[in-house]
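Undergrad: The structure is given below, and queries will be raised subsequently.
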Amino acid sequence: MLDKSMRKVIDPIVNRIGAGLARLGFSANGITLIGLALGLASAGAVAIGAFGWALVLLLLGRLADGLDGAVARATQKTDFGGYLDIVCDFLFYGAFPAAFVLYDPGLNGAAGAFLLTSFYFNGATFLGFAIMAEKHEMVTDARGTKSLYFTGGLLEGTETIVFFVLLCLLPHWFAPLAWFFGTLCFITATSRILLARKVFPH
308 MLDKSMRKVI
318 DPIVNRIGAG
328 LARLGFSANG
338 ITLIGLALGL
348 ASAGAVAIGA
358 FGWALVLLLL
368 GRLADGLDGA
378 VARATQKTDF
388 GGYLDIVCDF
398 LFYGAFPAAF
408 VLYDPGLNGA
418 AGAFLLTSFY
428 FNGATFLGFA
438 IMAEKHEMVT
448 DARGTKSLYF
458 TGGLLEGTET
468 IVFFVLLCLL
478 PHWFAPLAWF
488 FGTLCFITAT
498 SRILLARKVF
508 PH
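Under the numbering used here, the first residue of the sequence shown carries the number 308, and numbering increases by one thereafter.
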């Protein structure tokens with residue numbers, strides 16, 4: 308919901324930094340992998356209860372996730388780069404909630420399972436829509452120039468990162484926050500199915 312607005316603010320800054328990194332010889336895929344490593348390190352910090360470090364690593368990882376696209380735009384965008392980016396994002400989005408379950412399985416297990424199920428469902432509707440959009444030659448740059456077709460929704464990347472930041476700041480509230488956010492994910496996924504039914508032939 309907030310990605311379109313945030314892009315207008317963030318993209319000019321990120322693109323300037325990305326162009327500078329490209330001139331220094333950094334590759335987009337390399338930055339993608341650095342972002343994944345930082346994200347997984349953040350999840351590891353959660354699992355051992357080091358929530359301050361988890362927050363720092365989370366923010367650094369998400370910064371890298373924004374910079375890889377900027378470096379690609381300053382050099383050359385590739386299909387593999389777009390593929391690698393979305394795969395790494397999904398791995399991180401799964402690992403971070405799972406880390407809270409590892410931290411306290413008794414308290415966080417059920418809520419974590421519900422949240423991961425909602426992520427799985429939401430991700431499936433997102434990728435499925437992107438595949439059908441490509442088939443029908445649909446294009447959009449409302450959320451920045453992407454390798455895949457990005458549909459809007461109640462929850463997007465910005466809301467997810469805000470949610471993860473809240474979890475780092477309020478780790479003992481994981482269960483109620485996970486139940487709430489997971490419910491919103493199910494609503495987002497369902498709305499995307501309804502949009503697909505409206506847009507695609509059936």
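Note that beta-carbon positions come from the ideal geometry of N, C-alpha and C, so glycine has one too.
As the structure is a computational prediction, the values presented were derived from the model and not from experiment.
Whole angstroms are fine: how far does the CA of A326 sit from the CA of F426?
TA: So the alpha carbons of these two residues sit roughly 33 Å apart.
Undergrad: Touching or not, the segment 480-491 and the segment 373-383, by the rule of three or more beta carbon pairs under 8 Å?
TA: Judged by Cβ distances under 8 Å, the segment 480-491 makes no contact with the segment 373-383, as fewer than three pairs qualify.
Undergrad: Using CA coordinates, which residue listed in A335, V321, C492 is at the minimum distance from N429?
TA: Measuring from the Cα of N429, the nearest candidate turns out to be C492.
Undergrad: Which residues bound the alpha helix (DSSP H) around F507?
TA: Looking at the DSSP string, F507 is not in any alpha helix (DSSP H), and its letter there is neither H nor E.
Undergrad: Is it buried or exposed for V469, if we count other Cβ within 10 angstroms and need 16 for buried?
TA: Counting Cβ neighbours within 10 Å, V469 comes out exposed, since fewer than 16 surround it.
Undergrad: Within a Cβ cutoff of 7 Å, which residues of the same chain sit near L367, ignoring the five residues on either side of it in sequence?
TA: Within the same chain, L367 has close Cβ partners L345.
Undergrad: Check for me: the alpha helix (DSSP H) holding M439 runs from which residue to which?
TA: Unbroken alpha helix (DSSP H) run through M439: 412-442.
Undergrad: Could you name the residues of the same chain whose beta carbon sits closer than 8 Å to that of A301, not counting the 5 residues immediately before and after it, in chain order?
TA: Residue 301 lies beyond the stretch modelled for the chain, which goes from 308 to 509, so this question has no answer here.
Undergrad: Nearest by alpha-carbon distance to I355: which of P478, I324, A437 is it?
TA: When each option's Cα is compared against that of I355, the closest is P478.
Undergrad: Leaving out the 5 sequence neighbours to the left and right, which residues in its chain are closer than 6 Å to L422 when beta-carbon positions are compared?
TA: Cβ within range, chain order: P404, A485, G489.
Undergrad: Can you check the segment 321-352 for any alpha helix (DSSP H) of at least 4 residues that lies completely inside it and give the ranges in chain order?
TA: The segment 321-352 contains no whole alpha helix (DSSP H) run of 4 or more residues.
Undergrad: Within this structure, are the beta carbons of G351 and R369 separated by less than 9 Å?
TA: No.
Undergrad: Whole angstroms are fine: how far does the CA of N336 sit from the CA of F387?
TA: Looking at the two C-alpha atoms, the distance is approximately 9 Å.
Undergrad: Among T339, L409, L501, Y400, which residue has its Cα nearest to the Cα of A357?
TA: Taking only the C-alpha atoms, the option nearest A357 is L409.
Undergrad: Could you tell me the distance, in whole angstroms, from the CA atom of E441 to the CA atom of L364?
TA: E441 and L364: Cα-Cα distance of roughly 34 Å.
Undergrad: If I measure Cβ to Cβ from A348 and keep anything under 7 Å in the same chain, skipping five residues before and after, which residues do I get?
TA: L364, listed in sequence order.
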